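Peer 1: Take a look at this one; I'll ask things after.
Protein chains: 2
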Amino acid sequence: MSVKPHQWMDDAQNSKPSLSSLLTLVEEDLKAVNELVIKRMQNPVELIPELARHLIASGGKRIRPLLTLASARLCTYEGSHHITLAACVEFIHSATLLHDDVIDESSMRRGVVSAHEIWGNQASVLVGDFLFSRAFQLMVEVGSLDILSILSNASATIAQGEVLQLLTSQNLETTHEKYLQVISSKTAKLFEAAAEIGAVLGKRTDQEREALASFGRNIGIAFQLVDDVLDYGTHKIKFGKNVGDDFKEGKITLPVVWAFEHGSIEEKKFWQRTLGDLNQKEGDLNQAIAYMMKHKALEKTLESAGTYAREAQNQLQIFPLTPVRAALEELTCFVVSQAL
Amino acid sequence: MSVKPHQWMDDAQNSKPSLSSLLTLVEEDLKAVNELVIKRMQNPVELIPELARHLIASGGKRIRPLLTLASARLCTYEGSHHITLAACVEFIHSATLLHDDVIDESSMRRGVVSAHEIWGNQASVLVGDFLFSRAFQLMVEVGSLDILSILSNASATIAQGEVLQLLTSQNLETTHEKYLQVISSKTAKLFEAAAEIGAVLGKRTDQEREALASFGRNIGIAFQLVDDVLDYGTHKIKFGKNVGDDFKEGKITLPVVWAFEHGSIEEKKFWQRTLGDLNQKEGDLNQAIAYMMKHKALEKTLESAGTYAREAQNQLQIFPLTPVRAALEELTCFVVSQAL
Chain C
13 MSVKPHQWMD
23 DAQNSKPSLS
33 SLLTLVEEDL
43 KAVNELVIKR
53 MQNPVELIPE
63 LARHLIASGG
73 KRIRPLLTLA
83 SARLCTYEGS
93 HHITLAACVE
103 FIHSATLLHD
113 DVIDESSMRR
123 GVVSAHEIWG
133 NQASVLVGDF
143 LFSRAFQLMV
153 EVGSLDILSI
163 LSNASATIAQ
173 GEVLQLLTSQ
183 NLETTHEKYL
193 QVISSKTAKL
203 FEAAAEIGAV
213 LGKRTDQERE
223 ALASFGRNIG
233 IAFQLVDDVL
243 DYGTHKIKFG
253 KNVGDDFKEG
263 KITLPVVWAF
273 EHGSIEEKKF
283 WQRTLGDLNQ
293 KEGDLNQAIA
303 YMMKHKALEK
313 TLESAGTYAR
323 EAQNQLQIFP
333 LTPVRAALEE
343 LTCFVVSQAL
Chain Z
13 MSVKPHQWMD
23 DAQNSKPSLS
33 SLLTLVEEDL
43 KAVNELVIKR
53 MQNPVELIPE
63 LARHLIASGG
73 KRIRPLLTLA
83 SARLCTYEGS
93 HHITLAACVE
103 FIHSATLLHD
113 DVIDESSMRR
123 GVVSAHEIWG
133 NQASVLVGDF
143 LFSRAFQLMV
153 EVGSLDILSI
163 LSNASATIAQ
173 GEVLQLLTSQ
183 NLETTHEKYL
193 QVISSKTAKL
203 FEAAAEIGAV
213 LGKRTDQERE
223 ALASFGRNIG
233 IAFQLVDDVL
243 DYGTHKIKFG
253 KNVGDDFKEG
263 KITLPVVWAF
273 EHGSIEEKKF
283 WQRTLGDLNQ
293 KEGDLNQAIA
303 YMMKHKALEK
313 TLESAGTYAR
323 EAQNQLQIFP
333 LTPVRAALEE
343 LTCFVVSQAL
């Protein structure tokens, strides 16, 4: 095989990787997805499209639906179900975001700000339920039991991962392994499903299907690791979240696991007070970042993200080197480059 | 046709209708459903079965899954998918209950008590999501796109109804018509779907399918109306809820719509203060009940429930008078009799 699997990773430092080649390749499809999303979030109960619009319009790079579109293209699928399913993936993601917004009284006191502040917890939950149901309606329209199975399994795994995350919150005993279990479920599972769908639509072999699923899983883990780094971020502004959110919420992410594990007794006490007991004061976030720097916790996390990104690229090697494969390889670099 | 359609309604006053004939008829099936529910709510993340058990074990008469079991029997279905689908209906119902539990800070101050108090809003939402996803996994296992369509449409309608209910909350402009729209969606839709599934499993005609759907819809509306009456209840204890909950939460139900519409200017001011502004003091609930009595609001609501229950019975007339049809007819009386 003539391609150098890591060429994009090396390039990432020099020529900035971007989403633009992928976006150009699936431009028409993505436009159709956006139109379908807008169309299918309509409802006579106006609060539903209003709240959904706030969330969906405000956001993000549509990486998950892009995976579905690109993997369908990679598998030379020629129908139109990938549009519907990409919209469905975006609806599941949006529902998850809305439900993530829901908070308890205690955390509300800590001043966490998000969409629920405008409409309240109840509206966030119920509109999330609507979007989630809508996702299933779209899947049913496509009519593939195989795909319904992938996405209903993914949904259950995501919920399970979210519950697990709730349980690891403020818990400094959380191990690297447990953390990976959380993000593999709550984040990477939807990436995995989004990519696998393309192979099913293209009626590909089990090997190709598993390769795309694994590609999605690995890029999903890399994405979450980068996201966790950005939360203690330096010069970069994090999409849709503020630097320090994870810290304020007592979320135990890999940089924390690493810094805690390698910290002195005094540092461990700091982490216990700030994250374990959520007893935070002015300057604690900067102190947390300083401790992370001292132990290279952010670098180590990014290194780990790089490893998963490379594994994602490796999974694509069984496909011929088409422009869409190249664009997916660049995507893996793009994800990691967000924190560079 | 020799049967007197309203015989059970008339009997309701004398011989107490009960669930016992229905429970006896589907005893084995219901046992299988309960076992399946317990089995499929298991998860390595222990909080999930723990919270689910709290909810599912604590409760209810399993009326929704009973509808699926009974309608499958009525349609002489002989497979085992009705067990899976009845469990699925119970999971959807449980997810809805968990999400109903989620409250906003403001309502928490009003002292509403429910499951979220033990585990928090976030856990209620996420475990609800898990149960909802589990429901879809069970449906996919059954593999009928027709049934997947019924249940995903029902889920979207339920969420839409819940959002609509949120919007009518504390709003005394809510009309009888709007109220019916709310309960047809949030409550009756799952009853409708639960009953319709039986006809699909039994491969019945569109007419029979529509009759069972309509039976479910009508009994669902009757059920909710009775539930609303019980919330201002007299001697009866309401299952799983306390008398006065709706009042405390500012929910606008039919008895309120009726009493407000027929109330004097002074009474309208009372309803505006207590429900519109949620400015309640000692004795207000009793005063509310007194105003309802004055205008026969509870009687009128029960009368309406009776009308829907009779319509539910009428829908069954196209089926031969087997023991299961008789038991379903008794069920409609049982539902109404809860408030007698």
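Residue numbers (my numbering), protein chains in the order written: chain C, 13 to 352; chain Z, 13 to 352.
Even glycine gets a Cβ: it sits at the ideal position worked out from N, Cα and C.
All values derive from a computational prediction rather than experimental measurement.
What residue does the alpha helix (DSSP H) around Z/Glu174 start on, and which one ends it?
Peer 2: Leu157 to Thr180
Peer 1: Does DSSP classify Z/Leu86 as helix, strand or coil?
Peer 2: helix
Peer 1: Taking DSSP as the reference, what is the three-state secondary structure of C/Pro267?
Peer 2: Helix at C/Pro267.
Peer 1: Could you pull the start and end residues of the alpha helix (DSSP H) that C/Asn133 belongs to?
Peer 2: Asn133 to Val154
Peer 1: Does the beta carbon of C/Asn183 come closer than 9 Å to any beta carbon on chain Z?
Peer 2: The beta-carbon of C/Asn183 is placed no less than 9 Å from the nearest beta-carbon of chain Z.
Peer 1: Report the residue from C/Leu63, C/Asp158, C/Asp41 and C/Glu90 whose alpha carbon sits nearest the alpha carbon of C/Leu79.
Peer 2: C/Asp41
Peer 1: Does the beta-carbon distance from Z/Ile68 to Z/Phe203 come in below 9 Å?
Peer 2: no
Peer 1: I need the straight-line Cα distance from Z/Phe259 to Z/Leu287, nearest angstrom please.
Peer 2: Straight-line Cα distance between these residues: approximately 7 Å.
Peer 1: With 16 other CB atoms within 10 Å as the buried threshold, where does C/Glu47 fall?
Peer 2: exposed
Peer 1: Is there a Cβ of chain Z sitting closer than 9 Å to that of C/Ser164, yes or no?
Peer 2: yes
Peer 1: Along the chain, where does the alpha helix (DSSP H) that runs through C/Tyr191 open and close?
Peer 2: Per DSSP, C/Tyr191 belongs to the alpha helix (DSSP H) from His188 to Ile195.
Peer 1: Can you name the start and end residues of the alpha helix (DSSP H) that Z/Tyr320 belongs to?
Peer 2: Ala309 to Gln327
Peer 1: Z/His105 versus chain C: which residues are under 8 Å apart at the beta carbon?
Peer 2: The contacting residues do not exist; Z/His105 stays about 13 Å from chain C at best.
Peer 1: Give me the chain Z residues within the contact set of C/Glu174, using Cβ-Cβ distance strictly less than 9 Å, ordered along the chain.
Peer 2: For C/Glu174, the C-beta contacts it makes with chain Z under 9 Å involve Gln134, Val137, Leu138, Asp141 and Phe142, in order along the chain.
Peer 1: Using the three-state DSSP reduction, which class does Z/Ala300 fall into: helix, strand or coil?
Peer 2: helix
Peer 1: Under the assumption that C/Ile233 contacts C/Ser196 (Cβ atoms under 8 Å), give the Cβ distance between them as a whole number of angstroms.
Peer 2: Yes, they are in contact, since the Cβ atoms of C/Ile233 and C/Ser196 sit about 6 Å apart, within 8 Å.
Peer 1: Any C-beta of chain Z sitting closer than 9 Å to the C-beta of C/Ser167?
Peer 2: For C/Ser167, the answer is yes, since a Cβ of chain Z falls inside 9 Å of its Cβ.
Peer 1: Going by DSSP in three states, Z/Asn230 sits in which element: helix, strand or coil?
Peer 2: helix
Peer 1: Which whole-angstrom value is the C-beta distance of Z/Lys198 and Z/Ile170, which I expect to be below 8 Å?
Peer 2: 6 Å
Peer 1: Count the other CB atoms, across all protein chains shown, that sit within 10 Å of the CB of C/Leu343; report buried if there are 16 or more and exposed otherwise.
Peer 2: buried
Peer 1: In chain Z, which residues lie less than 7 Å from C/Leu157 when you measure between Cβ atoms?
Peer 2: Val152 and Gly155
Peer 1: At what residues does the alpha helix (DSSP H) containing C/Leu184 begin and finish?
Peer 2: Premise fails: C/Leu184 is in no alpha helix (DSSP H) and is neither H nor E.
Peer 1: What are the start and end residues of the alpha helix (DSSP H) that includes Z/Ala206?
Peer 2: Lys201 to Leu213
Peer 1: Excluding the 5 residues flanking C/Ala200 on each side, which residues of the same chain have their C-beta closer than 6 Å to its C-beta?
Peer 2: Closer than 6 Å at Cβ, skipping near neighbours: Arg229, Gly232 and Ile233.
Peer 1: Below 8 Å, can you find three or more Cβ-Cβ pairs linking the region 95–104 of chain Z to the region 149–165 of chain Z?
Peer 2: Three or more pairs of CB atoms, one per stretch, sit closer than 8 Å, so the region 95–104 of chain Z contacts the region 149–165 of chain Z.
Peer 1: Just checking: is the beta-carbon of C/Gln236 within a distance shorter than 9 Å of some beta-carbon in chain Z?
Peer 2: So, not an interface residue.
Peer 1: At the 9 Å Cβ level, is Z/Val114 part of the contact set with chain C, yes or no?
Peer 2: yes
Peer 1: What does the alpha-carbon distance come out to for the pair Z/Glu39 and Z/Leu340?
Peer 2: In this model, Z/Glu39 and Z/Leu340 are separated by some 14 Å (Cα to Cα).
Peer 1: Would you give the residue range spanned by the alpha helix (DSSP H) that C/Leu333 belongs to?
Peer 2: No alpha helix (DSSP H) holds C/Leu333; DSSP gives it neither H nor E.
Peer 1: Drop a sphere of 10 angstroms on the beta-carbon of C/Leu333, count the other beta-carbons inside from all chains shown, and report buried for 16 or more, exposed for fewer.
Peer 2: exposed
Peer 1: Between C/Ala171 and chain Z, is any beta-carbon pair separated by less than 9 Å?
Peer 2: So, interface residue.
Peer 1: Cβ of Z/Leu192 less than 9 Å from any chain C Cβ?
Peer 2: no
Peer 1: Tell me whether Z/Lys263 is buried or exposed, calling it buried when 16 or more other Cβ atoms sit within 10 Å of its Cβ.
Peer 2: buried
Peer 1: To the nearest angstrom, report how far apart Z/Ala168 and Z/Thr96 are at their CA atoms.
Peer 2: 21 Å
Peer 1: Considering just the uninterrupted stretch of the alpha helix (DSSP H) at C/Arg65, what are its terminal residues?
Peer 2: Where C/Arg65 is concerned, the enclosing alpha helix (DSSP H) stretches over Leu59 to Ala69.
Peer 1: Since C/Leu184 and C/Trp283 are thought to touch, with beta carbons under 8 Å apart, how far apart are those beta carbons, to the nearest angstrom?
Peer 2: 6 Å
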